[in-house]
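Heads up, the sequence shown is in my numbering, so the first residue is 12 and it goes up one at a time. Below you'll find the structure, written out as structure tokens, and then a few comments.
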Amino acid sequence: MTQRVVQLVVLLFWCLSLGAQDFEVSPLIGDGMVLQRDQKVRLWGWAEKRTTISLQFHGVVYHTKVRKNGRWELELPAFAAGGPYTMEIWTETQRRSFSDILFGDVWLCSGQSNMEWIVASSDHAAAEIAAADDPFIRHFKVPRGYAETPEDRLPGGQWAVCSPETVGNFTAVGYFFAKELRKPVKVPIGLINSSWGGSRIEPWMSGEILDISNLEEARAQVLKRVGADYQKARKRLEAKLGPLPEEERGLQGDVAYWAASNLDETAWKKVELPSIWENYGYEEFDGVAWLRKRFDLTETDLQQDIRLVLGRIDDSDITWVNGQRVGSTLDQWTVLREYTVPKDV
């Protein structure tokens, strides 16, 4: 059998609409959430304008009207650390209930790959995960999304209570910080994880902070610069590729060519894995690569589906066995690749 791995980059586009819903609350408002102690707390969402929103918490009912822009907000008074509490939010036609709410300290965990690194990929991960039994540490992972203009709502997400079943996907820096912080403060800790490896800081900032008075003009300038950079990069690429046929360039029609089980690979450079490309002379390379490996199965193995474990790949892969695609994982450099290969492959 032959295994092939190709890396690629994927853009995810998110969209969110109220649809037929009567009203909407921010995904940050949910079961298991942690709210900041000792200060007023703002809750918000969206609904049809002029709709009355009611909220019941700790024996008190609060009311507000939806603004003309479709957004509603309510403010709770300051509460001391504690819980768990329940909350209800409703309109004339719909009601939402939330439970296991705590008051404590809420921390924003943002940054690049160091903050994105998860507990499951950390040193002594198995022992740390097995011992993660503190339900007063909660984690909210902000889903990734792209937009060309500023947005004020999340595409999803939910709170996860710390346990051996959930902590593996927590930000490692945030979790170990919360674990140590819990010892002196002894209050619930909420982690809002908005990290994104390799991201620049500017997309996280408002136009006002960046001193951009005309957002559309700034966007047009960026697109013009990106277009010019693309053309320069393409010219450099064409100069390097020269007369290579299209299938060998890897630009189109390459899958059938590279994934074929009878491909002549005698001229390929050998690599030892796990490793990084830079160790094999690709210091300046950032793009798509094909890797191939041959392995033998016994007659007994061939009578059943097999489990193919590739480990972690930074950061995307598509895998073929004997020319047949058996799995892929996109934009997840901390996830263990494990695919099922059908016995008839």
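Every residue gets a Cβ at the ideal spot worked out from N, C-alpha and C, and that includes glycine. All figures in this text were calculated on a predicted structure; none of them were measured in a lab.
Closest by C-alpha distance to Asn-225, out of Pro-161, Ala-143 and Phe-151, is Pro-161. Secondary structure note for Lys-190: it is in no beta strand (DSSP E), and the uninterrupted alpha helix (DSSP H) holding it is 183-196. Counted as a single uninterrupted DSSP element, the alpha helix (DSSP H) harbouring Val-266 occupies residues 266-269. Judged by their CB atoms, His-150 and Leu-202 are nearer to each other than the 8 Å cut-off.
By the Cβ criterion, the region 103-116 is in contact with the region 189-201, since at least three pairs of Cβ atoms, one from each stretch, lie closer than 8 Å. Look at Ser-110 here: in three-state DSSP terms it is strand. If you draw a straight line from the Cα of Gly-81 to the Cα of Ala-189, it comes to about 36 Å. Residue state for Ile-100 is assigned as strand, using DSSP reduced to three classes. Membership of Ile-223 in any beta strand (DSSP E) is not indicated, and neither H nor E is assigned to it by DSSP. When secondary structure is reduced to three states using DSSP, Ser-65 falls in the strand class. Judged by beta-carbon spacing, Tyr-268 lies beyond the 8 Å limit of Lys-280, meaning their Cβ atoms are not closer than that value.
Where Ser-124 is concerned, the enclosing alpha helix (DSSP H) starts and stops at 124-127. Between Ser-272 and Gly-209, the gap from beta carbon to beta carbon reaches 8 Å or more. Cβ-Cβ distances below 6 Å link Val-337 to Thr-330, Tyr-350 and Val-352 in the same chain, with the five nearest sequence neighbours on each side left out; the list follows chain order. Here DSSP, grouped into helix, strand and coil, assigns Asp-312 to helix. Annotation: the continuous beta strand (DSSP E) that includes Ile-203 extends over 200-204. Distance from the CA of Ala-183 to the CA of Glu-191, rounded to the nearest whole angstrom, comes to 12 Å. The beta carbon of Pro-154 sits closer than 8 Å to those of Trp-25, Leu-165, Pro-166, Gly-167 and Gly-168, all from its chain and outside the five residues before and after it, given in chain order. The residue from Pro-95, Leu-39 and Gly-122 with its alpha-carbon nearest to that of His-69 is Pro-95. In the structure shown, Arg-323 falls within a strand segment according to DSSP collapsed to helix, strand and coil. Beyond the five residues adjoining it in sequence on each side, Trp-101 comes within less than 6 Å, by CB distance, of Ser-65 in the same chain, given in chain order. For Ser-339, the secondary structure class from DSSP, reduced to helix, strand or coil, is strand.
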